[in-house]
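Residue numbers (the working numbering): 39 to 156.
To start, the structure itself, in structure tokens.
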């Protein structure tokens, strides 16, 4: 079975994002087409869809676009030391957000207890 090919609109649709987001990530070097059709359309493969979904998950988790762009660049360059540095930086951001979320959840529990009569 031949590998699945995506136009920018199909890639965006399958990832649940707009074509503008795909173009933005491509402009930042986070996504790269694997081919170009005769008509000039960029063609993407399944690894681009996986990368796009990974980037979106990172954004939703609170990772900054610049951090994700740096990680994508390191992954594309296949420089292990740089990949590990980028991963550690992202993990630090996520750990900080996780602690802040835990603190906020505790505050919500306190409010709930005070409104439930204790």
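For every residue, glycine included, the Cβ atom is placed at its ideal position computed from N, Cα and C.
The Cβ atoms of residue 83 and residue 42 lie closer than 8 Å to each other. Here the alpha carbon of residue 130 sits roughly 18 Å from the alpha carbon of residue 92.
Taking C-alpha positions only, residue 149 is separated from residue 70 by approximately 48 Å. By DSSP's assignment, residue 82 forms a beta bridge with 44. Judged by DSSP secondary structure, residue 124 falls within the alpha helix (DSSP H) whose first and last residues are 118 to 153. With 16 or more neighbouring CB atoms inside 10 Å of its own CB, residue 101 falls in the buried class. Residue pairing from DSSP places residue 73 in a beta bridge opposite 81. Excluding its 5 nearest sequence neighbours in each direction, residue 44 has C-beta neighbours in its own chain below 6 Å: 82, listed in chain order.
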